[in-house]
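Below is one structure, written out as structure tokens; comments come after it.
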Amino acid sequence: MKKALATVLAISMALSMGACSTSNSGGNSAGSQTNQNSQAAKADFPVRSLQNIIPFSAGGGTDVWNRALMNQMSKALGQTIVSTNMTGGSAGSIGVDYAWKAKHDGYTLCGTSETPLTIPIMTTSDQTSKDWKFFIAAGSPGVLCVNRKSKYKSMDEILNALKDKPQSVSIAGTTGGLWFALAKLFDSYGDVPFKWVPYNGSGDAIKGSVSYEADCVCASAGEVKEFVRSGDLIPIAVMDNDDWNFPEFGTVKAVSSYVPALKQYLPLKQFLGFMVPADTDSAVVDVLTDAFDKAMKSDEIKKFADEQLCTLYGLTGDEASKMAADTESKLCWDLYNMGQAKFSPEKYNIPKP
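Take the sequence shown: its letters are residues 119 to 471, numbered as in the working numbering.
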């Protein structure tokens, strides 16, 4: 009987000590578990194909850059990345909303330019740059081009026509974004308002101008280059404060040399890349970052950037977040101050530039 009692007591003490040990280490268990989960996510990601939602039409900068990036990143990830154009809404809001509502697991990427940064002030969606992690690849200068069949052959002719009859000259572009903001600068600060013709992306806007649905188009040099080379479009101003040499065409004068009032609002820079929700597991983001970095260092992307007349940025992490936040601030407040926004940036705590 005594032996049995001693055995029971020994077992009880052992269990008690084990419980105490577990209790004492509890302060580290949560952090340890989180770290283990993150490590597991990194080890397991990706185990299947990814999808990349491009919120603009085919042929524009966001589209062509995302397809080039995904092609290179898929090699590093060892998985296929399927890119799909999902257009509609203001500033690409339909595609961006779809990507946001998908699982935040790294398997749904969202192609982006600077344009979706204006979604909060143009729609009822409330995500700002703080809600995304950005992978910024490159950007190209903005240019104003006219159709070769247009009766307007120079910036001076267009400005004179608009002064005589406001909105007598039409310009194609995507509502809510960079090219929209740049076009609206003429209205608000140059006193020469264009007639705005909206499209679901720069690709469609350029095609619209080439087919003479609009007199002009405002887009990046990379997006219009083939039509400039073919002679279908003629660049008449670069949307900047400095003249720019357009390869195979020649010098294009700065728009502020024609309309000095625009100088203080320029430059507004394009950026192209993709994004994922900010609460995506950090280990998964690390894997995507590594694949993005490898893609950016590839000869294929360097060659592609040259072909697209782009400056390479290759930004991730804090650097990409800062560029996105700075651009968001400038774009959103410019549009709001010009009376082109539905909501104030202040509503979403977007600081003034």
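Even for Gly, the Cβ is constructed at its ideal location relative to N, Cα and C.
Asked                                                                                                          : Found
Burial state of ALA363 (16 or more Cβ within 10 Å)                                                             : It is worth fixing the name first, because residue 363 is Asn in this sequence and not Ala. Counting Cβ neighbours within 10 Å, ASN363 comes out exposed, since fewer than 16 surround it.
LYS313 versus ALA301, LEU168, PRO385, SER268, residue with shortest Cα-Cα distance                             : ALA301
Opening and closing residue of the beta strand (DSSP E) in which LYS313 lies                                   : 313-317
DSSP state of GLN388 mapped onto helix, strand, coil                                                           : coil
Beta-carbon proximity of VAL356 to ALA372, cut-off 8 Å                                                         : yes
Option nearest PRO284 by Cα separation, candidates SER208, GLY308, ILE354                                      : GLY308
ALA401 vs MET191 beta-carbon contact at 8 Å                                                                    : no
TYR270 classed as buried or exposed, judged by whether at least 16 other C-beta atoms fall within 10 angstroms : buried
First and last residue of the uninterrupted alpha helix (DSSP H) at LYS193                                     : 179-195
Rounded Cβ spacing between GLY210 and PRO234 (contact assumed at less than 8 Å)                                : 5 Å
Neighbour-count burial assignment, PRO378, 16 or more Cβ in a 10 Å radius                                      : exposed
Close Cβ partners of GLY144 (< 6 Å) along its chain, the five nearest in sequence each way excluded            : With a pLDDT of 44 at GLY144, under the threshold of 50, the modelled position of this residue cannot be trusted; read the value that follows with caution. Around GLY144: no qualifying Cβ.
CB-CB length for LYS251 against ALA396, believed under 8 Å                                                     : 5 Å
ILE468 versus SER327: straight-line alpha-carbon distance, rounded                                             : 34 Å
DSSP three-state assignment for PHE367, whether helix, strand or coil                                          : coil
Exposed unless 16 or more other CB atoms sit within 10 angstroms - verdict on THR369                           : exposed
Residue closest to ASP417, alpha-carbon to alpha-carbon, out of LEU168, ALA217, ASN189, SER247                 : ASN189
Within 8 Å, strictly: CB atoms of LEU390 and ALA256                                                            : yes
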